[in-house]
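S.K.: Numbering (the working numbering), first residue to last: 579 to 1139.
As structure tokens, then:
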């Protein structure tokens, strides 16, 4: 039995932009512990190329950004949340600038961290489904800039401590340890068990509040733009703890990832299409005008399905992205990192048409929260991609993700301050028990099930679905989950086993949610139900009761009751 007990006030699981911004905003509230599965900087945020959407130009308006978001969300956005996030954007951007984030300006000599939003002439980009240029960016490596600046500031704060190369196993709640009496003492989070990936020891962390900021779940699919750590850990843990999970059927596929045997997950930013890049078939025909009036700037789900259709119709593995009509100096200055990476793989963005394929990119659903990032479990908050706040609806508007992370990190920080100030009885939590587990599961078994899950989701629960395919996927996933459950109890846990367990849970949630929704909407497209139906203008909600899996569809969008 591992005896180590760590006590903190706020436990932040995840070190991306959402988690770090929350920690920085909360440093006056008490002791903060940030858990990172890999290096502290390693997160999906770090790899975000495009930028962060916000209204900072006189030529733009809050109303336009709100309407663009609602249109992309296909009837499932919560209008109040959309308005709140959009209007909260400029203040959060100003905070980032004061912290040292440098966004690209038309005149780079103006790039002064003390500059005001209304004084700066930002080099605003336009991306798919946006009616105006409103994407603030740091060349084509915005996430890297934001992540690096936030991390530097967090590391200077004495109240913030880090656990690097530690992976959360499960949340500890009062209900799970038999200390919840519902009406008098509702289920609340007490901390988490965390695996030290270097030593193999499991640490028990006691916390007054837990903030899940673990990012997305792209690795549940065979092809993804996400880094390897995107295994849906936060969503899976929250589900096992009894949190409500919403809208998992809405998994956004990015239209353009590099098609190359050595480029596992290199995303080619939508900003290229915003600057005039066009999509062509292998024979050179431009095809997007046939699918949507906005052509290459149509919402991502439409562009993705168009590419998928062209590939299937012509029996090819990729299409081409063409920016060669733009001046070479402009391409190199605007997209220096993309240009450099493509050169590494043998392509010249200024001269070559680039082979691209769609890939799993962003999950619009996740842990259901209120307007402060709070879940139905007392003291548990979810922010960033692992949360379902109501901003994205059935399809995320490009570059709204970093905006959501900033706004909800700020709001969750303010709400958790109130939560920490409330008096509650202390509950002693049990240390981690090894039980009868005594050996490691064979890596080959984990690898086999890992690939089986990812191929199943890609083939049957991917860009285009059908009731038959979803049924076949569910049968396979049920068998795999039974095996994994047995592995979890029989073997000593490892990082690979935990990630396998989590992607199996995520695959199951996506499949169940997709089967429940008898329509097509946003990024969810079912061949058997191609119409969008008014009666399905509501969230799909799934909640676990610790082993039982009663599946319910929410009567009210985003209800936490």
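Glycine included, each C-beta is placed from N, C-alpha and C at the ideal position. Computed from a predicted model, the values in this text were never measured in an experiment.
So which of 1119, 1018, 756 has the shortest CA-CA distance to residue 1218?
M.R.: Beyond the ends of the chain as shown, which are 579 and 1139, falls residue 1218; an answer cannot be given.
S.K.: Taking 8 Å as the threshold (C-beta atoms), are residue 1015 and residue 1069 in contact?
M.R.: Reading the chain shown from its first residue, position 491 is the one you call residue 1069. Reading the chain shown from its first residue, position 437 is the one you call residue 1015. It is a contact, given that the beta carbons lie within the stated cut-off.
S.K.: I'd like to know whether the C-beta atoms of residue 883 and residue 1066 end up nearer to each other than 8 Å.
M.R.: The residue you call residue 883 lines up with position 305 of the chain shown. The residue you call residue 1066 lines up with position 488 of the chain shown. Not in contact: residue 883 and residue 1066 (Cβ atoms no closer than 8 Å).
S.K.: Taking residue 654 as the reference, give the member of 611, 1117, 680 with the closest Cα.
M.R.: Position 76 of the chain shown, counting from 1, holds the residue named residue 654. The option with the nearest alpha carbon to residue 654 is 1117.
S.K.: Between the beta-carbon of residue 593 and the beta-carbon of residue 611, is there less than 8 Å?
M.R.: Locating residue 593 in the chain shown gives position 15, where the first residue counts as 1. Locating residue 611 in the chain shown gives position 33, where the first residue counts as 1. Cβ distance not < 8 Å, so residue 593 and residue 611 don't count as in contact.
S.K.: In angstroms, rounded to a whole number, what distance separates the CA positions of residue 1006 and residue 781?
M.R.: Residue mapping note: residue 1006 aligns to position 428 of the chain shown, counting from 1. Residue mapping note: residue 781 aligns to position 203 of the chain shown, counting from 1. Cα-Cα distance, rounded: 15 Å.
S.K.: Buried or exposed, going by whether 16 or more other CB atoms sit within 10 Å of the CB of residue 753?
M.R.: The sequence position of residue 753 within the chain shown is 175, counting from 1. Buried: at least 16 other Cβ atoms inside 10 Å.
S.K.: Assign residue 761 to buried or exposed, taking buried as 16 or more other Cβ atoms, counted over all protein chains shown, within 10 Å of its Cβ.
M.R.: Along the chain shown, read from residue 1 onward, the residue named residue 761 stands at position 183. Per-residue confidence for residue 761 stands at a pLDDT of 48, beneath the threshold of 50, marking its modelled position as unreliable; the derived number appears in the next sentence. Exposed, by the Cβ-count rule.
S.K.: I need the boundaries of the beta strand (DSSP E) containing residue 594, first residue and last residue.
M.R.: Reading the chain shown from its first residue, position 16 is the one you call residue 594. Unbroken run through residue 594: none, as it is neither H nor E.
S.K.: With distance defined between alpha-carbon atoms, name the residue in 983, 845, 1028 nearest to residue 603.
M.R.: Counting from one through the chain shown, the residue named residue 603 turns up at place 25. When only C-alpha atoms are compared, the closest one is 983.
S.K.: From which residue to which residue does the beta strand (DSSP E) around residue 909 run?
M.R.: As a position in the chain shown, residue 909 is number 331, starting the count at 1. Per DSSP, residue 909 belongs to no beta strand (DSSP E); it is in the alpha helix (DSSP H), 906 to 912.
S.K.: For residue 853 and residue 704, what's the separation of their Cα atoms in angstroms?
M.R.: The residue given as residue 853 occupies position 275 in the chain shown. The residue given as residue 704 occupies position 126 in the chain shown. Going by the C-alpha atoms only, they are around 7 Å apart.
S.K.: Rounded to whole angstroms, what's the CA-CA distance from residue 969 to residue 948? Just pull it up for me.
M.R.: Position 391 of the chain shown, counted from the start, is the residue given in the question as residue 969. Position 370 of the chain shown, counted from the start, is the residue given in the question as residue 948. Residue 969 and residue 948: Cα-Cα distance of roughly 11 Å.
S.K.: For residue 913, does the count of other Cβ atoms within 10 angstroms reach 16, so buried, or fall short, so exposed?
M.R.: As a first step, residue 913 must be located in the chain shown, where it is residue number 335. Buried is the call here.
S.K.: Cα separation between residue 836 and residue 897?
M.R.: In the chain shown, the residue the question calls residue 836 occupies position 258. In the chain shown, the residue the question calls residue 897 occupies position 319. For residue 836 and residue 897, the distance between alpha carbons rounds to 10 Å.
S.K.: State the Cα-Cα distance for the pair residue 858 and residue 747, rounded to the nearest angstrom.
M.R.: Here residue 858 corresponds to residue number 280 of the chain shown, with the count starting at 1. Here residue 747 corresponds to residue number 169 of the chain shown, with the count starting at 1. If I take the Cα positions, the gap works out to 45 Å.
S.K.: Expressed to the nearest angstrom, what Euclidean distance is found between the alpha-carbon atoms of residue 981 and residue 718?
M.R.: Here residue 981 refers to the residue found at position 403 when the chain shown is read from its first residue. Here residue 718 refers to the residue found at position 140 when the chain shown is read from its first residue. Whole-angstrom Cα-Cα distance: 17 Å.
S.K.: Assuming contact is defined by CB atoms lying nearer than 8 Å, are residue 966 and residue 825 in contact in what I supplied?
M.R.: Here residue 966 corresponds to residue number 388 of the chain shown, with the count starting at 1. Here residue 825 corresponds to residue number 247 of the chain shown, with the count starting at 1. Yes. Within cutoff.
S.K.: Would you list the residues sitting across from residue 745 in a DSSP beta bridge?
M.R.: Start at 1 with the first residue of the chain shown, and residue 745 comes out as number 167. Answer by DSSP bridge pairing, in chain order: 773.
S.K.: When burial is assigned at 16 or more other CB atoms within 10 Å of the CB, is residue 766 buried or exposed?
M.R.: On the chain shown, residue 766 is found 188 positions in, with the first residue counted as 1. That one is buried.
S.K.: Tell me the start and end of each unbroken alpha helix (DSSP H) in the segment 653 to 679 that is at least 4 residues and wholly inside, in chain order.
M.R.: Whole alpha helix (DSSP H) segments, 4+ residues: 657 to 677.
S.K.: Please name the residue in 872, 870, 936, 888 whose C-alpha comes closest to that of residue 861.
M.R.: As a first step, residue 861 must be located in the chain shown, where it is residue number 283. Out of 872, 870, 936, 888, 888 has the C-alpha closest to the C-alpha of residue 861.
S.K.: In this structure, what does DSSP give as the bridge partners for residue 966?
M.R.: Here residue 966 refers to the residue found at position 388 of the chain shown. Beta-bridge pairing links residue 966 to 946.
S.K.: Based on DSSP bridge pairs, tell me the residues matched to residue 922.
M.R.: Your numbering for residue 922 matches position 344 in the chain shown. Note: residue 922 sits in no beta bridge, so no partner.
S.K.: Between the Cα of residue 1099 and those of 879, 713, 685, spot the shortest distance and give me the residue it belongs to.
M.R.: Position 521 of the chain shown, counted from the first residue, corresponds to residue 1099. Selected option, being the one with the closest Cα: 879.
S.K.: Mapping DSSP to helix, strand and coil, what is residue 982?
M.R.: Here residue 982 refers to the residue found at position 404 when the chain shown is read from its first residue. DSSP places residue 982 in helix when its eight states are reduced to three.
S.K.: Pair every Cβ in the segment 795 to 808 with every Cβ in the segment 613 to 633, then say whether three or more of these pairs are closer than 8 Å.
M.R.: As far as the Cβ criterion goes, the segment 795 to 808 touches the segment 613 to 633, which means the pair count is three or higher.
S.K.: What is the C-beta distance between residue 789 and residue 952, in whole angstroms, given that I count them as a contact (C-beta under 8 Å)?
M.R.: In the chain shown, counting from the first residue as 1, residue 789 sits at position 211. In the chain shown, counting from the first residue as 1, residue 952 sits at position 374. No, residue 789 and residue 952 are not in contact; Cβ-Cβ is about 10 Å, not under 8 Å.
S.K.: Starting from residue 726, trace the alpha helix (DSSP H) in both directions and tell me its first and last residue.
M.R.: Indexing the chain shown from 1 puts residue 726 at position 148. Per DSSP, residue 726 belongs to the alpha helix (DSSP H) from 720 to 734.
S.K.: Helix, strand or coil for residue 929, going by three-state DSSP, please let me know.
M.R.: Looking up residue 929 in the chain shown gives position 351. It is coil, neither helix nor strand.
S.K.: Could you have a look at residue 881 and say whether DSSP puts it in helix, strand or coil?
M.R.: Here residue 881 refers to the residue found at position 303 of the chain shown. Residue 881: helix per DSSP, three-state reduction.
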